[in-house]
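Colleague: Quick one: the structure is below, and I'll ask about it shortly.
In my numbering, the protein residues as written are 3 to 290.
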């Protein structure tokens, strides 16, 4: 176990803008897949990872590259973090395309997919990972604008990216959606976020049944509390200092600890899994 994993919770800190930037975090997340060893499970595959500039998305993108895939990462505005991810991927000997796009807009999502296919020639794996969340302690405090923004990023973006990707996908392609433990437990201060993640789980199950006859697999990963830039850009400093303490492991997870779950669902090791959700959440028992 690394020193960051031994630390129970992060120090108090906060950021004023979403989805946050890694450069302002202390300690930095473990999201470079440094210790991940690939074995050719995705040789010459092409993957798109939304929210791939940092955190879970970065760890997944680098792990995919270590397994032999070329990767397009889609991000909102975090160009410095995206450049770091590209460098990490290129160090593995694979290609990386960085695409700045607001995937909550249908046209931008379609353009992002088209750019990736034009650059790499085909598409085998889509990871819908981009996310947005906002703390509100009272339901009446959630504005229509906030509700729309949360669902546009978390749900509409997933729909739009998937619609655009399916045009290019062939049998044995994979779609992996990032859900959350909040879809199963709920979170009293992340009401709209929890609802959006529940929608992702339902969409995953329904789309898996819809695409099974075409040989396209659809699954999800529902992380618990993971140390990513979204956390200090969402919660107060006091809340950040307690982040992850309520899990059986008494700490937040690191993005690198999730990468193998996404690899499993992106390769043939998961060939008898569709419509399912994996739960790397620090030991929290959930149903489904």
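Cβ atoms here follow ideal geometry from the backbone N, Cα and C, with glycine treated the same way. As the structure is a computational prediction, the values presented were derived from the model and not from experiment.
Does the separation of the CB atoms of residue 35 and residue 74 fall below 9 Å?
Modeller: No.
Colleague: Whole angstroms is fine: what's the gap from residue 215's alpha carbon to residue 207's?
Modeller: Taking the straight line joining both Cα atoms gives about 14 Å.
Colleague: Tell me which residue opens and which closes the alpha helix (DSSP H) that residue 86 is part of.
Modeller: Residues 81-93.
Colleague: Look at the Cβ atom of residue 190, then the Cβ atom of residue 139, and state whether they are nearer than 9 Å.
Modeller: Closer than 9 Å, so yes.
Colleague: Where residue 21 and residue 236 are concerned, what is the direct C-alpha to C-alpha distance, given to the nearest angstrom?
Modeller: Rounded to whole angstroms, residue 21 to residue 236 spans 8 Å at the Cα level.
Colleague: Beta carbon of residue 129, beta carbon of residue 90: below 9 Å?
Modeller: Against a cut-off of 9 Å, the Cβ pair of residue 90 and residue 129 comes out as no contact.
Colleague: What alpha helix (DSSP H) runs, 4 residues minimum, are completely inside the segment 7-92?
Modeller: Within the segment 7-92, the complete alpha helix (DSSP H) runs of at least 4 residues are 57-68.
Colleague: Check whether the segment 79-87 touches the segment 52-64, taking contact to mean three or more Cβ pairs, one atom from each stretch, closer than 8 Å.
Modeller: In short, these stretches touch, since the Cβ pair count reaches three.
Colleague: Enumerate in chain order the residues of its own chain whose CB-to-CB distance from residue 219 is below 6 Å, with the five nearest sequence positions on each side excluded.
Modeller: Here the set comprises 176, 276.
Colleague: Ignoring anything shorter than 4 residues, give me the alpha helix (DSSP H) runs that lie fully in the segment 170-215, in order along the chain.
Modeller: DSSP runs (the alpha helix (DSSP H)) wholly in the segment 170-215: 184-187, 193-213.
Colleague: By how many angstroms is the C-alpha of residue 107 removed from the C-alpha of residue 290?
Modeller: In a straight line, the C-alpha of residue 290 is about 31 Å away from that of residue 107.
Colleague: What are the boundary residues of the alpha helix (DSSP H) that includes residue 167?
Modeller: 159-168 is the span of the alpha helix (DSSP H), which, as asked, contains residue 167.
Colleague: Does the beta-carbon distance from residue 239 to residue 221 come in below 9 Å?
Modeller: No, the pair does not count as a contact, with Cβ atoms beyond the cut-off.
Colleague: Buried or exposed: where does residue 141 fall if 16 or more other Cβ atoms within 10 Å of its Cβ makes it buried?
Modeller: Residue 141 is exposed by the Cβ-count criterion.
Colleague: Measure the C-alpha to C-alpha separation of residue 126 and residue 47 and round it to an integer number of angstroms.
Modeller: Taking the straight line joining both Cα atoms gives about 6 Å.
Colleague: What is the DSSP secondary structure of residue 261, counted as helix, strand or coil?
Modeller: Residue 261 falls in the helix class under three-state DSSP.
Colleague: Looking only at its own chain, which residues have a Cβ that is under 7 Å from the Cβ of residue 151, when we skip the five neighbours before and after it?
Modeller: So the qualifying residues of the chain are 134.
Colleague: So which of 25, 30, 67, 16 has the shortest CA-CA distance to residue 41?
Modeller: Minimum Cα distance to residue 41 is reached at 67.
Colleague: CA-CA distance, residue 72 and residue 261?
Modeller: Approximately 16 Å, taken between the alpha carbons.
Colleague: Give me the Cα-Cα distance between residue 104 and residue 282, rounded to the nearest whole angstrom.
Modeller: Cα-Cα distance, rounded: 28 Å.
Colleague: Just to check my reading of the structure: residue 155 and residue 132 have Cβ atoms closer than 8 Å, yes? What is that Cβ distance to the nearest angstrom?
Modeller: About 6 Å separates the two Cβ atoms, so the contact holds.
Colleague: Going by beta carbon distance, what residues of the same chain come within less than 8 Å of residue 250, once the five residues before and after it are set aside?
Modeller: Only 284, 285, 286 meet the Cβ criterion.
Colleague: Whose C-beta lies closer than 8 Å to the C-beta of residue 157 among residues of the same chain, with five residues either side of it excluded?
Modeller: Hits under 8 Å: 198, 201, 202, 205.
Colleague: Quick one: what does DSSP say residue 248 is sitting in, helix, strand or coil?
Modeller: In this structure, residue 248 counts as coil in the three-state DSSP scheme.
Colleague: Skipping 5 residues on each side, what residues in its chain have a beta carbon closer than 8 Å to that of residue 280?
Modeller: Answer for residue 280: 221, 222, 223, 224, 263, 266, 267, listed in chain order.
Colleague: To which residues does DSSP link residue 127 through a beta bridge?
Modeller: DSSP lists 49, 176 as partners of residue 127.
Colleague: Return the CA-CA distance between residue 188 and residue 194, expressed in angstroms with no decimal places.
Modeller: Approximately 10 Å, taken between the alpha carbons.
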